[in-house]
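Everything below concerns the one structure shown next.
Residue numbers (the working numbering): 55 to 201.
Below you can see the structure in the form of structure tokens.
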């Protein structure tokens, strides 16, 4: 009998840059509480990847980005547990409009701009793999949590 095929959760992450500054969100929910990550969320059924990424960014920060201005810069295949896998697609917003504001205070403690060379040490490991993969110009895929 062959194993049941995996049905990974698909996450979109948006890297918002203003020159050498990157916007990060501080988690307010139980997963990673108090730690940092890029604006992100799960893809909805029937939703194109870039449309989902643009929606999540707008819902969390109020920033508007045309899906055509999202460039895929890194992918992470994350093993969260024996039962849960995630595929995280990391997009760079090449053009965007609006001033970021915390639109989900029940899920987010803060939105903060950080210098690219002084990012916080407590970024959640899974999104950190994608963010640093992009910043270091690494291979396009990181497999995280599999070893």
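All C-beta atoms, glycine included, are put in the ideal place defined by N, C-alpha and C.
Because the structure is a prediction, the values reported are computed rather than measured.
Of the residues the options, which one's Cα is nearest the Cα of residue i?
i: residue 190; options: 121, 176, 171, 154; result: 171
i: residue 104; options: 88, 127, 86, 91; result: 127
i: residue 202; options: 70, 100, 86, 141; result: Lying before the first or after the last residue shown, residue 202 is absent from the chain, which here runs from 55 to 201.
i: residue 91; options: 144, 135, 136, 72; result: 144
i: residue 153; options: 116, 85, 121; result: 116
i: residue 65; options: 188, 121, 174, 96; result: 96
i: residue 155; options: 194, 86, 100, 118; result: 118
i: residue 61; options: 99, 193, 112, 85; result: 99
i: residue 209; options: 169, 73, 109; result: Lying before the first or after the last residue shown, residue 209 is absent from the chain, which here runs from 55 to 201.
i: residue 73; options: 186, 169, 86, 159; result: 169
Could you tell me if residue i is buried or exposed, where buried requires 16 or more neighbouring beta carbons within 10 angstroms of its beta carbon?
i: residue 200; result: exposed
i: residue 138; result: exposed
i: residue 107; result: buried
i: residue 67; result: buried
i: residue 164; result: exposed
i: residue 93; result: buried
i: residue 180; result: buried
i: residue 63; result: exposed
i: residue 135; result: exposed
Note down, in chain order, each residue of its chain lying with its Cβ closer than 8 Å to the Cβ of residue i, except the 5 sequence neighbours on either side.
i: residue 123; result: 147, 148, 149, 150
Any beta carbon from chain D within less than 8 Å of residue i's own beta carbon?
i: residue 199; result: No chain D appears in the structure shown, which is made up of a single protein chain.
Please return the same chain residues whose Cβ sits closer than 6 Å to the Cβ of residue i, not counting the five positions on each side in sequence.
i: residue 133; result: 139, 199, 200
i: residue 161; result: 82, 83
i: residue 167; result: 75, 77
i: residue 89; result: 81, 176, 178
i: residue 102; result: none
i: residue 173; result: none
Excluding the 5 residues preceding and the 5 following residue i in the sequence, name in chain order all residues of the same chain whose CB lies nearer than 7 Å to its CB.
i: residue 197; result: 131
i: residue 20; result: Absent from the structure is residue 20, since the part of the chain shown begins at 55 and ends at 201.
i: residue 125; result: 145, 146, 148
Is residue i near the ligand ZN - that is, is its Cβ less than 7 Å away from at least one heavy atom of it?
i: residue 101; result: As for the ligand ZN, it is missing from this structure, which has no ligand bound.
* Runs of alpha helix (DSSP H) lying entirely within the segment 74-151, each at least 4 residues, in chain order -> 103-115
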